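Residue numbers (the working numbering), protein chains in the order written: chain A, 1 to 275; chain B, 276 to 612.
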């Protein structure tokens with residue numbers, strides 16, 4: 001299977017044109033395989049939850065906290081769902097034609113891309129100036145939490161293991177992956193709009209050299225097929241029963257006090273009204 | 276790039292005697308096969324060595340694909356029927372003369388003797404960047420060389436460009452849409468009938484194909500219903516060389532006129548987009564109106580609304596406007612033979 005497609009430029013040089021669409025099927029298969037494997041493991045393994053006694057003790061300690069603790073403001077939730085809608089339109093318009101569902105997809109694709117990019121720019125400004133910017137990033141300080149999560153997933157009790165701040169480690173790792181892949185797709189997509197008719201700016205198909213265009217198309221394609229797998233994983237975790245409290249918070253904006261104390265470290269994610 | 280050579284690449288030539296055998300061959304060879312009708316499109320690809328099929332399936336020996344038959348007041352034309360035979364058929368001349376006019380204007384007498392109606396409607400675009408072997412969108416690349424600031428795009432699309440600006444070069448296609456024809460397609464799953472209007476597909480839907488035929492399907496016949504038999508027809512083709520050329524723009528109209536007013540109309544223009552462009556809004560607007568200068572003027576203006584020109588094809592807008600006007604008036608040059 002060729003992973004990349006090549007073509008001859010007008011000067012007779014071999015240049016990249018785009019990725020092989022077999023990669024789309026590979027990414028789709030990988031996403032589904034992960035979903036099946038993880039779901040099977042969670043169903044049959046000795047997966048451990050945190051002990052309820054530990055959370056009971058915390059509830060007694062922090063009984064003055066409100067029952068509903070705000071996790072996502074309305075603005076952040078709106079951004080998330082607008083971005084999700086744009087992402088689904090982008091993926092469906094990109095890959096349904098490859099899967100055999102033929103329709104005029106280009107205009108829908110770039111319009112959804114504009115919505116996505118606008119929402120990303122908004123998110124960057126909002127997160128930088130109005131949210132705790134560093135709370136979503138991962139670093140060496142998260143290694144103990146990562147080890148504890150791993151041990152717990154492998155069926156071991158991990159009493160007193162470190163808890164996350166506002167965002168669980170899985171959230172932050174996913175954010176990092178989607179940031180890299182999403183920005184790659186967005187920046188390459190903006191460049192590729194130079195080659196399609198749209199009302200935003202004057203087309204210039206020769207703004208880049210053939211070789212650079214090839215890398216741009218390949219970057220867009222690789223990011224696109226990676227997003228297929230990432231989105232499958234995201235949707236899968238969003239509907240898993242033990243993660244449902246997080247998904248609910250993205251709809252309603254809040255988590256319960258018990259969920260907050262069970263999964264978060266109150267000293268790392270400080271909530272007002274503490275005892 | 277196109278390298279003209281004398282010798283075609285090696286391929287296996289198959290000459291099946293039945294449609295079923297042809298379909299089996301196409302199924303066996305998949306995208307490695309090339310269907311050969313009259314050869315006037317295919318031979319260019321082969322001689323330029325731009326297509327290198329492992330198998331060529333020649334349909335010439337399949338008798339059921341040949342000939343014009345009367346059916347239900349209309350006609351069924353085998354896809355392998357030569358254009359000359361279509362032109363000479365008495366029922367075509369009597370009831371569906373627009374098809375005779377269109378077929379008569381295809382290329383030269385020699386080409387009409389060899390070229391088939393199925394091949395004429397299914398031929399690939401003649402964009403010379405694409406036919407020259409440039410790695411454009413239609414050829415699987417990531418650019419349309421004809422839609423760049425320095426491109427020579429005099430023959431290209433003024434409507435419905437979607438990355439690719441190639442046009443459909445067929446003369447019989449707009450006539451068949453005007454006649455509300457149906458395309459009979461056979462494939463491994465059996466027969467399917469596609470209205471002529473839906474037979475051609477634009478680059479937005481599939482940038483590498485001109486029509487709905489899958490690699491394992493064959494166009495077997497074209498059925499022309501009696502719906503527009505004996506209507507008032509008009510066909511006109513404008514080309515650079517009067518003796519032998521593809522259309523810059525052509526127009527086909529079929530109208531039923533009762534008293535002074537148009538009661539039914541089908542109006543189609545080709546070579547302005549990747550598919551024959553049926554002017555439905557114009558048809559609706561002219562029904563109930565007299566076939567006169569005022570109606571023609573209105574129709575011409577409506578027809579070109581939304582046209583987007585390239586650097587060198589702006590002339591197609593007034594050309595199309597005037598051809599539509601002439602089609603409504605029913606006056607002016609019709610066809611030359």
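Even for Gly, the Cβ is constructed at its ideal location relative to N, Cα and C.
Note that the structure is a prediction, hence the values are computed from the model and not measured.
Short CB-CB distance (under 9 Å) between residue i and chain A
i	result
residue 352(B)	no
residue 424(B)	yes
residue 552(B)	no
residue 610(B)	Reliability of the predicted coordinates at residue 610(B) is poor, the pLDDT of 45 falling under 50, and no value is obtained from them.
residue 519(B)	no
residue 418(B)	yes
residue 437(B)	yes
residue 480(B)	yes
residue 320(B)	no
residue 414(B)	yes
residue 410(B)	yes
residue 583(B)	yes
residue 476(B)	yes
residue 501(B)	no
Selected residue, minimal CA-CA separation from residue i, among the options
i	options	result
residue 10(A)	592(B), 419(B), 342(B) and 491(B)	419(B)
residue 187(A)	112(A), 26(A) and 117(A)	117(A)
residue 235(A)	32(A), 21(A), 192(A) and 8(A)	32(A)
residue 218(A)	52(A), 64(A) and 18(A)	18(A)
residue 159(A)	54(A), 191(A), 7(A) and 91(A)	54(A)
residue 272(A)	25(A), 69(A) and 74(A)	69(A)
residue 339(B)	354(B), 462(B), 524(B) and 432(B)	354(B)
residue 277(A)	263(A), 169(A) and 129(A)	What the structure shows of chain A is the stretch from 1 to 275, and residue 277(A) is not part of that stretch, so it cannot be assessed.
residue 555(B)	532(B), 442(B), 580(B) and 506(B)	580(B)
residue 358(B)	560(B), 593(B), 395(B) and 404(B)	395(B)
residue 185(A)	209(A), 203(A), 200(A) and 215(A)	215(A)
residue 270(A)	165(A), 152(A) and 59(A)	165(A)
residue 288(B)	600(B), 393(B), 569(B) and 310(B)	310(B)
residue 524(B)	416(B), 382(B) and 444(B)	444(B)
residue 459(B)	473(B), 450(B) and 496(B)	496(B)
residue 492(B)	464(B), 539(B) and 478(B)	464(B)
residue 417(B)	586(B), 437(B) and 343(B)	437(B)
Bridge-paired residues (DSSP) for residue i
i	result
residue 350(B)	345(B) and 499(B)
residue 507(B)	530(B)
residue 391(B)	357(B)
residue 411(B)	Bridge partners of residue 411(B): none, in fact.
residue 330(B)	287(B) and 308(B)
residue 437(B)	439(B)
residue 6(A)	16(A)
residue 66(A)	Looking at the DSSP assignment, residue 66(A) forms no beta bridge with any residue, so it has no partner.
residue 494(B)	460(B)
residue 486(B)	475(B)
is_contact[residue i, chain B] using C-beta, thresh 9 Å
i	result
residue 274(A)	Here the model assigns residue 274(A) a pLDDT of 45, short of 50, so the residue's position is not dependable and the matter cannot be decided.
residue 113(A)	no
residue 258(A)	no
residue 199(A)	no
residue 225(A)	no
residue 167(A)	no
residue 5(A)	yes
residue 211(A)	no
residue 104(A)	yes
residue 189(A)	no
residue 266(A)	no
residue 2(A)	no
residue 214(A)	yes
residue 62(A)	no
residue 222(A)	no
Extent of the continuous beta strand (DSSP E) to which residue i belongs
i	result
residue 307(B)	Taken as a continuous stretch (DSSP letters only), residue 307(B) belongs to no beta strand (DSSP E), as it is neither H nor E.
residue 266(A)	Note, residue 266(A): premise wrong, no beta strand (DSSP E); not H, not E.
residue 458(B)	457 to 462
residue 447(B)	No beta strand (DSSP E) contains residue 447(B), which is instead part of the alpha helix (DSSP H) from 447 to 453.
residue 613(B)	For residue 613(B) there is no data in the structure shown, the boundaries of chain B being 276 and 612.
residue 541(B)	536 to 545
Residue range of the unbroken alpha helix (DSSP H) whose run includes residue i
i	result
residue 598(B)	591 to 604
residue 126(A)	106 to 129
residue 467(B)	Residue 467(B) -> not in any alpha helix (DSSP H); beta strand (DSSP E) instead, spanning 465 to 470.
residue 89(A)	74 to 95
Proximity test, residue i beta-carbon vs the ligand MG heavy atom, cut-off 8 Å
i	result
residue 92(A)	This structure lacks the ligand MG; in fact it carries no ligand of any kind.
Within the stretch 132 to 186 of chain A, note down every full alpha helix (DSSP H) run reaching 4 residues or more, in order along the chain. 143 to 153
Which ranges would you report for the alpha helix (DSSP H) in the stretch 196 to 269 of chain A if only whole runs of at least 4 residues count? 210 to 239, 244 to 252 and 257 to 263
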